[in-house]
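Presented below is the structure to which this report refers.
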Amino acid sequence: MIFRHLIFALLVLASVSVLAVSAEQSSAAAGKQAANSGKQKQMVQTQNAGERVFQAHCSRCHAAPEGFSPRISGTIVRHMRIRASLSQHDEEVLFRFFNPQ
Amino acid sequence: MLRRSHTSDFSSSVCAVRRLLFVLGLLAAIQLGFAQQTPLISGGVAYLTSTNGGNTSDYPIIEPLLAAPLGKNILVESRAAMLEFFSPKGGNQTGFNHSHFIGLTYLQGDYLASQHLTIVGGEYLIPFNTFNERLSEVWIGNFQDSPTITPLGLFSAGIGLGGMLRGNAVQHNKYSIDYAYFYSTRSGIEQFSALRGSGGRASLYLPEQRLELGFSCDRRLQGAHESFYGAHVWWEPRDTAFRLRSEFSRGQHVQGYWVEADYRTRAFGGLDSAIGRIEPVFRIQQTFRIDTLASDSLPSVNTQRADFGLDYNLPHNTRILTSYARQFSSAGDRNVWETGIVYRFLFPAWKGKKL
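See the structure below:
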């Protein structure tokens, strides 16, 4: 009888453990997904803000160059900050626009 | 420096190139630490041809720009121009006359002192109105010619030697104000010649309306002292590829304005479609003589001119510029035909660090 209870208790414990682990995994996955979607949302917002700055300040004078090395993105942004009198905030937004990561 | 100036002093040109190479070498020697701040070389190379009142001229031109950041707050930048100018010999002679020009346009150091202030030292483009600083590069302009009133307020060469304070004074969601104030000293040094003078510009930008309004004034403090006033209005309606730019300038002897509009349509597959790459351009300009004591390079009589252009934006940063202009004045009306091809380049000055 005791043996049967022990087996039952072990089965319940195992089931609870499996459920708990899977629940934790799914909540972690959901959390990760939520975090990822939050990150993506933030990235999209940054991209939009960067594009707005580009349209407002750079495109006023010239068309966008068709691609350039990421190694010079910081130099371009600094040059534009001086030439177009960008604020520090706009400089940072534009830099993130050029380096979306 | 205005795009149309020419000289043939070859030795001074070589000197200028040497100076530029020296600066490049010096910067190359300093290992710059930031991965995305490798110095860059940008600019334009073009082949332009113009027939003005029946006289045809050709000139290939290259305008390289070097920008090199030093540390977190300094940028050294310089632009040069190299061109060869060909025109047919007059009379019954065959062949071409030609002259060349190589020179520094500017060489300046910029220090980002705070989020609202940048201190500029060296030889710089004079911040009077917009054309000199923003549109004078060969790869940016919609037309080959600069507007007739451009020399006003630019102390003839368009450059100053000394210092400048500039930056973004106010930044708000609905508006921003930027400013530039300069003082230029007198200099007779070859490649760094400048006149004494001071002045500045202030602009208000409304991002929702995409509208910019600005005011400039400066005073030449050498020779015949003269004050110049300018105003500019730029407008790019939201979600369109239409741009309207305009400037007004007034000196003691002459005043004038220009208005330029260009448009690209998104209606046929976007700006990168075959149709979207076509860019019709129109500019109208007038100059009015106040007196004939001319101390400038503007026409000696009232002049009106209308330019009709059709540019084509090819892939790979290449543009074809074509235009026809009709100029009216009491000195005689004339036609101006211009065509050209321009390529814009932009690449790291050297390999730099891997990202």
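Chain order of the listed sequences is A and B.
Per my numbering, the first sequence starts with residue 394, numbered consecutively.
Per my numbering, the second sequence starts with residue 152, numbered consecutively.
In this text, a Cβ means the ideal position worked out from N, Cα and C, and glycines have one as well.
- Identification of residues in the segment 232 to 265 of chain B having a C-beta nearer than 8 Å to some C-beta of chain A yields D261, L263, given in sequence order.
- Scanning F366(B), L422(B), R389(B), T416(B) for the CA closest to the CA of S397(B) turns up F366(B).
- Out of F279(B), A320(B), F236(B), the CA that lies nearest to the CA of H482(A) is found in A320(B).
- Judged by DSSP in its simplified three-state form, I212(B) adopts strand.
- Counting along the chain, the unbroken beta strand (DSSP E) around L364(B) starts and ends at 362 to 371.
- Contact between the segment 446 to 460 of chain B and the segment 476 to 492 of chain B is established, with three or more Cβ pairs separated by less than 8 Å.
- Within chain B, the residues whose beta carbon sits less than 8 Å from that of E459(A) are P466, H467, N468, listed in sequence order.
- Under the three-state reduction of DSSP, H251(B) is assigned to strand.
- By the CB criterion at 8 Å, L487(A) and G443(A) fall inside the cutoff.
- Contact annotation: H472(A) and E228(B) have beta-carbon atoms nearer than 8 Å.
- In this structure, the CA atom of S307(B) is about 14 Å from the CA atom of H404(B).
- DSSP, read as helix, strand or coil, puts P499(B) in strand.
- The C-beta separation of P215(B) from E235(B) comes to about 15 Å, leaving the pair out of contact by the 8 Å criterion.
- Using a Cβ-Cβ distance cut-off of 8 Å, the segment 412 to 431 of chain B and the segment 366 to 376 of chain B are not in contact, since fewer than three pairs of beta carbons, one from each stretch, lie closer than that value.
- Closest option to S344(B), judged by alpha-carbon separation, among Y326(B), L312(B), S354(B), T443(B): L312(B).
- With its beta carbon at least 8 Å from every one in chain B, C451(A) lies outside the interface.
- At least one CB of chain A lies nearer than 8 Å to the CB of N319(B).
- By the Cβ criterion, the segment 349 to 359 of chain B is in contact with the segment 314 to 332 of chain B, since at least three pairs of Cβ atoms, one from each stretch, lie closer than 8 Å.
- CA-CA distance, A382(B) to E411(B), rounds to 14 Å.
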